[in-house]
Amino acid sequence: MSHARPEPDVPSTHSGRVPSPRDSGQGQEGGERLPDPRRDRPRAQRLPGLTAAVILAVLCLVGFGFTLLNFAGAIRVFTVEAVVSALLLTAVGVLGFWVLRRIRPVRAPGLASSLAALLWGATGAIGLALFTNSNLMSAWSRAGGLEFGTTWGAALTAPVNEELLKVTGVVLIAVMAPRAVRGPIDGFVIGALVGLGFQLVENFTYALNAIPMQGATDGMLSVLQSFFLRIGLTGLGSHWAMSAVAGTAVGVLAAVAWRPDARRAAGAALLLLLAMGVHWFFDSPLLGSLVGMLLKTLTVFVAAMAVYFAARHAYRGRVRRALAEEGEELGVRRSSAVALATRHGRRAELGRVARPERPAVRARQEQMVAMAEDRASEYRA
């Protein structure tokens, strides 16, 4: 991996595993099984994860059932329009899923946790939100009158219950798979994926609702208009961004094993309030023009990006420091070791070795990166 030769200046092993003064918990060596922190945990430590998985699965089924119950009739009546809307949103979902996993620095999050996040947003969170929204909206109308409820109901309802429901999924995933959310940047990405799932299904329901609201004279036009408005115009600053900010709060708490000091607790609370605040601004009747809508979208997006780049900068710095330490221990040139902190750097280092040696070198890169991320997690805590 150095510029001078394809492998670090350390003794080789039969397995091609990079020697390390500490066990990374990955792979096997000499036929002996190495400790697996997930498999070797005592049953009492595994119980919270199993409980979280069961709760997540049950609530996903409940949410999906409630959503289907509410929109099965519209799907039967407007079948073609529903299929077109689903296909358009699926294409957006595939692209969004790839982009949001890609923005995690160093390596993409695990596929299983990513799919669990998307599933929670698309079933559990959205279904439970439909139920609570309908009850809260009517409560605002009873308390302040029909005009007040119509004008301010969404802004007073969605920022609280939707953000709490979405972030509940991030918490459940963090408990179910502790290595999936070990810090703020993981919380940001998992939260964004939850928001993406929520946003896709919500957009689908809005498209179906738009057809009768516009007289059902041209259902396909209603679907396309809804798609343009909620994806092309406001999609950049919608649920994925709000949930990403709230998910970062979960990452802050998970980084210290859910036992934060006052500073971290306050930081997590402020992040959750920020997510609710930008959601309130987005749903409020303020700035009701097209320019105002674009300004709201930009505000949510900028808030999410500010949180992202702060978390990304801190995380990459810790990983680089850990890689430098790993390189020093293994006899790898510092510049070559630190380069492994980025996908481009790993490809560049890999390109400097002979093609037959690349599989072994790639495996060594992955092991060094895995150990560096473990150390980065320790630094953070």
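Counting with this note's numbering, you get residues 41 to 421 for the letters of the sequence shown. Where is the CB? At the ideal position from N, CA and C, for every residue including glycine.
Item to complete: Count the other CB atoms, across all protein chains shown, that sit within 10 Å of the CB of PRO51; report buried if there are 16 or more and exposed otherwise.
Response: To locate residue 51, count along the sequence shown from 1; it is residue 11. Its pLDDT being 37, under 50, PRO51 is placed unreliably by the model, and nothing is read from it.
Item to complete: Find the nearest neighbour of ALA214 within the set VAL200, ARG387, LEU363 and VAL229, judged by alpha-carbon distance.
Response: Working through the sequence shown from its first residue, we reach residue 214 at position 174. Cα-wise, what sits closest to ALA214 is VAL229.
Worksheet item: Counting pairs of beta carbons, one from the segment 218-233 and one from the segment 174-183, are three or more of them closer than 8 Å?
Response: no
Practice prompt. Please report how far the alpha carbon of PHE321 lies from the alpha carbon of PHE341, in whole angstroms.
Written response: Here the question's residue 321 lines up with position 281 in the sequence shown. Here the question's residue 341 lines up with position 301 in the sequence shown. Cα to Cα, the separation comes out at about 12 Å.
Item to complete: Tell me whether ALA362 sits in a helix, a strand or coil according to DSSP, three-state version.
Response: Working through the sequence shown from its first residue, we reach residue 362 at position 322. DSSP places ALA362 in helix when its eight states are reduced to three.
Fill in: Boundaries of the alpha helix (DSSP H) in which PHE188 is found, first to last residue
Stepping through the sequence shown from its first residue, residue 188 is reached at position 148. Its alpha helix (DSSP H) spans residues 186-216.
Worksheet item: Whose CA, out of GLU366, THR91, THR208 and ARG360, lies closest to the CA of GLY161?
Response: Taking the first residue of the sequence shown as 1, we reach residue 161 at position 121. Of the listed residues, the one whose Cα sits closest to GLY161 is THR208.
Worksheet entry | Any 3 or more C-beta pairs closer than 8 Å across the segment 387-407 and the segment 334-352 | no
Fill in: Coarse secondary structure for ASP258, derived from DSSP in three states
One-based indexing of the sequence shown puts residue 258 at position 218. Reduced to three states, the DSSP call for ASP258 is coil.
Worksheet item: Out of curiosity, what's the CA-to-CA distance linking ALA126 and LEU370?
Response: Residue 126 sits at position 86 when you count from the first residue of the sequence shown. Residue 370 sits at position 330 when you count from the first residue of the sequence shown. Going by the C-alpha atoms only, they are around 51 Å apart.
Worksheet entry | Bounding residues of the alpha helix (DSSP H) (the contiguous stretch that carries THR245) | What you label residue 245 is simply residue 205 of the sequence shown in a count that begins at 1. 224-253 is the extent of the alpha helix (DSSP H) around THR245.
Worksheet item: Just the Cα atoms here: how many angstroms apart are ALA364 and ALA152?
Response: The sequence position of residue 364 within the sequence shown is 324, counting from 1. The sequence position of residue 152 within the sequence shown is 112, counting from 1. Going by the C-alpha atoms only, they are around 30 Å apart.
Worksheet item: Can you list, in chain order, the residues of its chain whose CB lies under 7 Å from that of THR245, leaving out five sequence neighbours each side?
Response: Looking up residue 245 in the sequence shown gives position 205. Closer than 7 Å at the Cβ level, and outside the excluded window around THR245, lie PHE111.
Item to complete: Counting only the same chain and skipping the five closest in sequence on each side, list residues whose C-beta sits under 7 Å from that of LEU205.
Response: Against the sequence shown, residue 205 aligns to sequence position 165. Correct list, in chain order: ALA165, LEU168 and ALA169.
Discussion item. Would the segment 127-143 count as touching the segment 191-203 if we require 3 or more Cβ pairs under 8 Å?
Written reply: no
Fill in: For PHE322, the three-state DSSP class (helix, strand or coil)
Here residue 322 refers to the residue found at position 282 when the sequence shown is read from its first residue. Here PHE322 sits in helix by DSSP.
Discussion item. On the CB-based measure, 16 or more other CB atoms within 10 Å of its CB, does THR107 come out buried or exposed?
Written reply: Residue 107 sits at position 67 when you count from the first residue of the sequence shown. Buried, since its Cβ has 16 or more Cβ neighbours within 10 Å.
Discussion item. Please tell me whether VAL221 and VAL409 are closer than 9 Å, where the distance is taken between their beta carbons.
Written reply: Taking the sequence shown and counting its residues from 1, one reaches residue 221 at position 181. Taking the sequence shown and counting its residues from 1, one reaches residue 409 at position 369. No, the Cβ-Cβ distance between VAL221 and VAL409 is not below 9 Å.
Worksheet item: Quick one, are the C-beta atoms of PHE137 and LEU158 less than 9 Å apart?
Response: Within the sequence shown, residue 137 is the residue found at index 97, counting from 1. Within the sequence shown, residue 158 is the residue found at index 118, counting from 1. Cβ atoms of PHE137 and LEU158: closer than 9 Å.
Worksheet item: Can you give the Cα-Cα distance for ARG141 and GLY237, rounded to whole angstroms?
Response: Reading the sequence shown from its first residue, position 101 is the one you call residue 141. Reading the sequence shown from its first residue, position 197 is the one you call residue 237. Using only the alpha carbons, I get a separation of about 13 Å.
Worksheet item: Leaving out the 5 sequence neighbours to the left and right, which residues in its chain are closer than 8 Å to GLY56 when beta-carbon positions are compared?
Response: Indexing the sequence shown from 1 puts residue 56 at position 16. Any reading at GLY56 must be qualified, since the residue scores a pLDDT of 35, below 50, and its modelled position is unreliable; the value itself is stated next. The answer, listed in chain order, is ALA400, ALA403 and ARG404.
Worksheet item: Helix, strand or coil for PHE502 per DSSP?
Response: This structure leaves residue 502 out entirely; the chain is present only between 41 and 421.
Worksheet item: Can you list, in chain order, the residues of its chain whose CB lies under 6 Å from that of ASP414, leaving out five sequence neighbours each side?
Response: Mapped onto the sequence shown, residue 414 falls at position 374. Hits under 6 Å: none found.
Worksheet item: So is THR288 buried or exposed if we call it buried at 16+ other beta carbons inside 10 Å?
Response: The residue given as residue 288 occupies position 248 in the sequence shown. THR288 is buried by the Cβ-count criterion.
Discussion item. With H, G and I counted as helix, E and B as strand and the rest as coil, what does DSSP make of LEU327?
Written reply: Counted from its first residue, the sequence shown places residue 327 at position 287. Coil, per DSSP.
Fill in: Inter-residue Cα distance where the pair is LEU90 and PRO218
The residue you call residue 90 lines up with position 50 of the sequence shown. The residue you call residue 218 lines up with position 178 of the sequence shown. Taking the straight line joining both Cα atoms gives about 12 Å.
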